[in-house]
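Heads up, the sequence shown is in my numbering, so the first residue is -11 and it goes up one at a time. Presented below is the structure to which this report refers.
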Amino acid sequence: MKPEDIELFLKETAYLDFNHPSYDFFANQIAAYKSKKAIAIQLYELVRDHFLYDPYHLDLRPEALKGSVILSKRRAWCVEKAVVLAALARKFEIPSALGYAIVVNHIGVERLQKYLQREEIVFHGYVSLFIEDKWVKCTPAFDRRICKINHVPPLVWDGQTDSMFQSFVGENQFMEYMHEYGEFADVPIQLMNDEMQKYYPHLFESSYNSKEFSFFHL
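Following this line, the structure appears as structure tokens:
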């Protein structure tokens, strides 16, 4: 990748709005004098564990996927956590890309499958960070509390090797990556809505806005 291409993954966007004051408050414990790798690891763990993972309240509208808006919440789903981590990385001058995939989760998903009406989790979000001259993937979705409930060890990340969901936990299959959409410099809002509508058409045909489950879209 050319140096000028890297610059694209450092820019502030409408979604990755890292100059908003809320980021300063959120990341005030991060020591900027540390190495980029050390900062990235701190940011990963901060985002992973600050938000309780919540895939039951999904909002695909542009105003909901701004990092500064997500920072006002204590619960977030994988796409939202990835937005916050990518924005924070850029704030600390670490190039970041947003990655998306279709995954199948085999542990603790009966309730979610009831709402989605299929096993695929479409547009699972993760982040790639450019550290020490290479791109490294990480998945900040599952916080320590959720992992403890599901008897799954939290994903650690060393800042130099990819850290994606485990394929197996012991002898039990945990997560399968079925399809990769690729990695993006910004949130591909239209593609996200289009793919969700293709896999979950019922969510676009009715209104869902209850305490147990909500879904909003373009």
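Every residue, glycine too, gets a C-beta built ideally from N, C-alpha and C.
As summarised for the region -11 to 71, the continuous beta strand (DSSP E) elements at least 3 residues long and confined to that stretch are 45 to 47, given in chain order. When the beta-carbon positions are compared, E108 and I90 come within less than 8 Å of each other. Here the region 49 to 61 makes no contact with the region 133 to 141; the two share fewer than three CB pairs at distances below 8 Å. With fewer than 16 other Cβ atoms inside 10 Å of its own Cβ, M166 counts as exposed. Beta-bridge analysis with DSSP links K136 to no other residue. L4 and A85 have their C-alpha atoms roughly 11 Å apart. Distance from the CA of Y187 to the CA of A19, rounded to the nearest whole angstrom, comes to 42 Å.
Shown here for Q105: same chain residues with a beta carbon closer than 8 Å to its own, the five before and five after excluded, namely Y188 and H190 in chain order.
Membership of Y103 in the alpha helix (DSSP H) is indicated by the continuous run E98 to L104. The beta carbon of T127 sits closer than 7 Å to the beta carbons of Y114, L143, S151, M152 and F153 from its chain, once the five residues preceding and following it are set aside; these are given in chain order. Relative to K102, the option among L(-4), I(-6), E(-5) and F201 whose CA is nearest is F201.
Judged by DSSP in its simplified three-state form, I177 adopts helix. Scanning D(-7), H38, V35 and K54 for the CA closest to the CA of F6 turns up K54.
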